[in-house]
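> Numbering (this note's numbering), first residue to last: 1043 to 1320. Beta carbons are placed, not taken as given, at the ideal position from N, Cα and C, and that holds for glycine. The structure displayed is predicted, hence computed values, not measured ones.
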């Protein structure tokens, strides 16, 4: 099977002072780069922040299909075009998978890594192929109808922040691009390459995340040498939206910490579970 090309660099925004250390932020499936708004004000004081959009999300054009490596090559093309060599990276869910793949396959480019509610494998490929087929046939309505239960805890699902993100999913995400990203998740399995990641890594999990529950985070921590783990109570899949201050503190602390600092956050790892599709 011919791998999809990287395509043009994704739509992006730049914030923060010229010359500050670069930080690239990757979004989750079904959201735009604005999903990082809760942390942006603090991060842009310390970093030159690059946020990017997935295909068919925000300002990025749709593609027929894609893979995590293709998305990662697009991020590298974006960094190259901006004159950025080595950078820190933080990503949510699929955006985290892109960062993990980059750290495993291009370790010279990744200075530090934060994976938020992400995974080395997002469940069975069949579920993602079914999701892609549903969206291509029926649009995003059926997916949007059930997104609140995956993304947020019940007490947060009616908040203005949650309502805005669910509205974005319904109105601003192209079904073709969303389905292509489902293809990427179906083909993604980094479990055999986690040991190749040498960047200082922090894994953040929402304790009540039904999509990538804590066992997924612990699998990442067990596989990535020296990785640290932070589990956040009262958070589901979009933990940076539901627990913005805690995620902001974790980002700033890890990105400013010495390489061995995350070790103190390690916890024992039970057998990983499959979780639920985002």
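Can you list, in chain order, the residues of its chain whose CB lies under 8 Å from that of residue 1294, leaving out five sequence neighbours each side?
Only 1084, 1085 and 1088 meet the Cβ criterion.
> Could you have a look at residue 1117 and say whether DSSP puts it in helix, strand or coil?
Helix, per DSSP.
> So residue 1259 and residue 1271 are in contact, right, with Cβ under 8 Å, and what is the actual spacing, rounded?
6 Å
> Could you tell me which residues DSSP puts in a beta bridge with residue 1131?
1066 and 1155
> Residues in its own chain within less than 6 Å of residue 1067 by CB, not counting five upstream and five downstream?
1078, 1093 and 1132
> Under a three-way DSSP split, which group does residue 1038 fall into?
The question about residue 1038 has no answer, for the chain in this structure spans 1043 to 1320.
> I need the straight-line Cα distance from residue 1290 to residue 1282, nearest angstrom please.
Residue 1290 and residue 1282 have their C-alpha atoms spaced approximately 8 Å apart.
> DSSP has residue 1137 in a bridge; who is on the other side?
Answer is none; residue 1137 lacks a bridge partner.
> Whole beta strand (DSSP E) runs in the segment 1261 to 1287 with 3 or more residues, listed along the chain?
1270 to 1274
> When you compare the segment 1116 to 1123 with the segment 1246 to 1253, are there three or more beta-carbon pairs, one atom per stretch, that lie closer than 8 Å?
no
> On a Cα-Cα basis, can you pick out the residue from 1191, 1286, 1235 and 1155 that is closest to residue 1081?
1286
> Would you kindly check if the distance between the Cβ of residue 1154 and the Cβ of residue 1056 is under 7 Å?
no
> I need the boundaries of the alpha helix (DSSP H) containing residue 1211, first residue and last residue.
First-last of the alpha helix (DSSP H) with residue 1211: 1202 to 1213.
> If you check the beta carbons only, do residue 1192 and residue 1252 fall under 7 Å apart?
With contacts defined as CB atoms closer than 7 Å, residue 1192 and residue 1252 qualify as a contacting pair.
> With three or more beta-carbon pairs closer than 8 Å as the criterion, would you say the segment 1176 to 1196 touches the segment 1095 to 1113?
no
> What does the Cβ neighbour count give for residue 1054, buried or exposed, with the cut at 16 atoms within 10 Å?
buried
> For residue 1093, which three-state DSSP category applies?
strand
> Can you tell me whether DSSP reads residue 1055 as helix, strand or coil?
strand
> Is it right to say residue 1261 is buried, meaning 16 or more other beta carbons lie within 10 angstroms of its own, or is it exposed?
buried
> Evaluate contact between the segment 1203 to 1216 and the segment 1133 to 1147, counting only Cβ atoms and requiring at least three cross-stretch pairs below 8 Å.
no
> Could you compute how far the alpha carbon of residue 1160 sits from the alpha carbon of residue 1069?
11 Å
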